[in-house]
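Asker:
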Amino acid sequence: MIHCKEFSKEAQEGMEPSLVLVVPDVICENCQRCFDLDICRDPLLNASELEEEEVEDSDEWRCQTCGWILSKPAIERRLIDLLNRRLVSYQLQDLKCKNCKMVKNSVVSPYCECTGEFEQTMGHIQPEKLRNQNLLNQMTDVQVFFQMLRNFAQSHQMAMLQ
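Per my numbering, the very first residue in the sequence shown carries number 54; after that it's consecutive.
1) Go ahead and pull the three-state DSSP assignment for Q173.
2) Please work out which residues of its chain come closer than 6 angstroms, Cβ to Cβ, to E170, disregarding the five sequence neighbours upstream and downstream, and give them in chain order.
3) Use the C-beta contact count for V79: other C-beta atoms within 10 angstroms, 16 or more gives buried, fewer gives exposed.
4) If I follow the unbroken alpha helix (DSSP H) through I133, where does it start and stop?
5) Relative to the C-alpha of Q173, which candidate in H209, C119, Y143 and P77 has its C-alpha closest?
6) Would you mind stating whether R115 and W121 have Cβ atoms separated by less than 9 angstroms?
7) Taking 9 angstroms as the threshold (C-beta atoms), are Q207 and T193 in contact?
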C-alpha cells in the first residue's frame, strides 16, 4: 500500500506532504487562548481545498476552543511582520568562508584571507536539501518563503500581503 518497509529509513523520517509555516502566538479575542497557527496545513484555514460539505463557511476562520471568528486582518498583519523580520534578518546576515568557516570581517574583499569564497549563513538552501524538507525556517531559501506567502495571500484575498 505505502511501498516501504515499516522500519526502513523512509518510514522513520515520516515526511509531511506539504510545507510547514507556523504563525506563533495567535490570540483569540473571545477566550484569550493563545495558539500557534500552521497556515499551510490547518484545514480550517485551507477550507477551499476541502470538499464543500465538510466546511460550511470557508471565508471565516474560527478558534478551535470557543468557535469565535478569528480576525483575518490581524493574522495578515502577523504574516507581514513575519515577512519583515525574515527580510531584515536576510539582509543583515553574516557571510562566512566556505573553507575556514570564519565570518567575513571586511566590507571590500570578495575573498577570505585563506582565498576561500564567502557564502550566506541563512536563506539560501532549497527545502529539498534540508533535514526537514517541509519546515520553512531561517535556512530555507527566501524566494520559496516569499512565494509561499504570496500564494497564501492570493488564495485568501489578503491585499496588504500580496
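Glycine included, every Cβ here is placed at the ideal spot set by N, Cα and C. Remember, predicted model here, so these are calculated numbers, not experimental data.
Answerer: With the structure as the only source:
1) In the three-state scheme derived from DSSP, where H, G and I count as helix and E and B as strand, Q173 is classed as strand.
2) Within the same chain, E170 has close Cβ partners K151.
3) The Cβ neighbour count for V79, taken over all protein chains shown within 10 Å, is at least 16; the residue is labelled buried.
4) Counting along the chain, the alpha helix (DSSP H) containing I133 begins and ends at K125 to Q144.
5) Nearest of H209, C119, Y143 and P77 to Q173, Cα basis: Y143.
6) Result yes, Cβ atoms of R115 and W121 sit closer than 9 angstroms.
7) Against a cut-off of 9 angstroms, the Cβ pair of Q207 and T193 comes out as no contact.
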